[in-house]
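*Asks:* Pasting a structure here, questions to come.
Numbering (our numbering), first residue to last: 3 to 295.
Printed below as a string of structure tokens:
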């Protein structure tokens, strides 16, 4: 027997965090009794969600799937939205079994790589702070931050939810962005996924982010030939590589230090980077080419 939230996550019903919320709300029962956090169960037990019996033995059988989605600006990473904005789930191909679970979120104004999986336990490990999985972004800010500002972002700043910093910043050169060179482009890496953390870090040192694109999550990069609004089913080998990356990444490291690394790379043409990964695709939803950055 294993913890209930882990059992349901392995069956692809949701991330462990989501299932814990269901348990706290009294929506899950085991053997006719309302479940509590910490309860254990087996796949053969009478487990119900909102009174509906779950067939956990059948649900646990399929191998997990991983989906790479190029989220465009304007979509939200929720299944429904009270403001009736389009959601990423409206454009995804159907999963072979279970349902897609988003690995974290990208805010409505951020584009780029969003991972989704049918394995709630994998999603939990990818998101959990103890795994310290790196996220890499291309960011364009208004103005021209100097070396002192960049050093401050690497040594750490205080946000409302605690200290934060970038692990690495690479200056990508000035990016006109239609503004006559009044913008600067950077590649940044951090190992947390707090809400709007990249934008808040830049805001804390007095700079506004005008464009943000996630190009890597852990060992998975945004494929160069994937367009906004398109999805691609990952090869099983990529899932194995991602799990090995998680095991290698989880080393304790305080938020406030040591300072990160400042490097300089050749300028890029706008905010489009990534490398090809897998060749097998899901059915392509409609979507245009990436906008000029």
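Backbone N, C-alpha and C define an ideal beta-carbon position, used for all residues, glycine too.
Just so you know, these numbers come straight off a predicted model, no measurement behind them.
Relative to the C-alpha of residue 209, which candidate in 126, 73, 186, 21 has its C-alpha closest?
*Replies:* Of the candidates 126, 73, 186, 21, the one whose C-alpha sits nearest the C-alpha of residue 209 is 186.
*Asks:* In whole angstroms, what separates the C-alpha of residue 158 from that of residue 204?
*Replies:* Computed Cα separation, rounded: 11 Å.
*Asks:* Around the C-beta of residue 169, are 16 or more other C-beta atoms found within 10 angstroms, so that it is buried, or is it exposed?
*Replies:* Per the 10 Å Cβ criterion, buried.
*Asks:* Just list the residues that DSSP pairs residue 31 with in beta bridges.
*Replies:* DSSP lists 36, 50 as partners of residue 31.
*Asks:* Just curious, the beta strand (DSSP E) that residue 165 is in, first and last residue?
*Replies:* It spans 164 to 166 - the beta strand (DSSP E) in which residue 165 sits, taken as one unbroken run.
*Asks:* Per the contact definition of three or more C-beta pairs closer than 8 Å, is the region 126 to 142 in contact with the region 218 to 226?
*Replies:* Output reads yes: the region 126 to 142 touches the region 218 to 226.
*Asks:* Tell me the rounded alpha-carbon separation between residue 84 and residue 53.
*Replies:* One C-alpha to the other measures close to 26 Å.
*Asks:* Give me, in chain order, the residues of the same chain whose beta-carbon lies closer than 6 Å to that of residue 145; leave out the 5 immediate sequence neighbours on both sides.
*Replies:* If we look at residue 145 and ignore the five residues flanking it on each side, its Cβ neighbours are 209.
*Asks:* Comparing C-alpha positions only, which one of 193, 47, 87, 96 sits nearest to residue 235?
*Replies:* When each option's Cα is compared against that of residue 235, the closest is 96.
*Asks:* Our contact map puts residue 103 next to residue 16 with C-beta atoms below 8 Å; I'd like the distance itself, whole angstroms only.
*Replies:* The pair is a contact, with the Cβ atoms about 6 Å apart (cut-off 8 Å).
*Asks:* I want to know whether the region 13 to 28 touches the region 117 to 136 - three or more CB-CB distances under 8 Å.
*Replies:* The answer is yes - the region 117 to 136 touches the region 13 to 28, with three or more Cβ pairs under 8 Å.
*Asks:* My output table needs one value for residue 80: the three-state DSSP class, helix, strand or coil.
*Replies:* Coil at residue 80, not helix or strand.
*Asks:* Going by other Cβ atoms of all chains shown within 10 Å of its Cβ, with 16 needed for buried, is residue 55 buried or exposed?
*Replies:* Answer is exposed; the Cβ neighbour count stays below 16.
*Asks:* Given a cut-off of 7 Å on the beta-carbon distance, is the pair residue 128 and residue 116 in contact?
*Replies:* Against a cut-off of 7 Å, the Cβ pair of residue 116 and residue 128 comes out as no contact.
*Asks:* Which term fits residue 41, buried or exposed, when burial requires 16 or more other beta carbons within 10 angstroms of its beta carbon?
*Replies:* Buried, since its Cβ has 16 or more Cβ neighbours within 10 Å.
*Asks:* Would you mind listing the alpha helix (DSSP H) stretches within the region 194 to 234 that are 4+ residues and don't spill past its ends, in chain order?
*Replies:* Correct list: 199 to 206.
*Asks:* Suppose you measure from the CA of residue 49 to the CA of residue 233; what does that come to, to the nearest Å?
*Replies:* Cα to Cα, residue 49 sits roughly 33 Å from residue 233.
*Asks:* Among 74, 94, 69, 75, which one has its Cα closest to the Cα of residue 81?
*Replies:* Minimum Cα distance to residue 81 is reached at 94.
*Asks:* If residue 105 and residue 141 are in contact, beta carbons under 8 Å, what's the gap, nearest whole angstrom?
*Replies:* With a Cβ gap of about 20 Å, residue 105 and residue 141 do not count as contacting.
*Asks:* Please name the residue, chosen from 101, 149, 172, 26, that lies closest to residue 190 on a Cα-to-Cα basis.
*Replies:* Residue 190 has its Cα closest to that of 172, out of 101, 149, 172, 26.
*Asks:* Identify, in the order they occur along the chain, each residue of the same chain with its Cβ nearer than 7 Å to the Cβ of residue 212, setting aside the five sequence neighbours on each side.
*Replies:* Excluding positions up to five away in sequence, the list reads 142, 143, 144, 179, 185.
*Asks:* Contact defined as beta carbons within less than 8 Å: I believe residue 296 pairs with residue 217. What is the distance between those atoms, to the nearest angstrom?
*Replies:* As displayed, the chain neither begins before 3 nor continues past 295, which places residue 296 out of reach and without an answer.
*Asks:* By DSSP, does residue 146 sit in helix, in strand, or in coil?
*Replies:* Coil at residue 146, not helix or strand.
*Asks:* Residue 229: which of 22, 33, 71, 250 sits nearest, CA to CA?
*Replies:* For the residues 22, 33, 71, 250, the minimum Cα distance to residue 229 belongs to 71.
*Asks:* Return helix, strand or coil for residue 94, following the three-state DSSP convention.
*Replies:* Three-state result, residue 94: coil.
*Asks:* If I measure Cβ to Cβ from residue 194 and keep anything under 6 Å in the same chain, skipping five residues before and after, which residues do I get?
*Replies:* Taken in chain order, the list of residues that qualify is empty.
*Asks:* Using CA atoms only, rank isn't needed, just tell me which of 36, 152, 237 is closest to residue 263.
*Replies:* Considering only alpha carbons, the answer is 152.
*Asks:* Taking just the CA atoms, how far does residue 126 sit from residue 37?
*Replies:* Roughly 20 Å between the two C-alpha positions.
*Asks:* Can you give the beta carbon distance from residue 51 to residue 30, rounded, assuming they're within the 8 Å contact cut?
*Replies:* Rounded, the Cβ-Cβ distance is 6 Å, consistent with contact.
*Asks:* Is DSSP giving residue 20 helix, strand or coil here?
*Replies:* Helix at residue 20.
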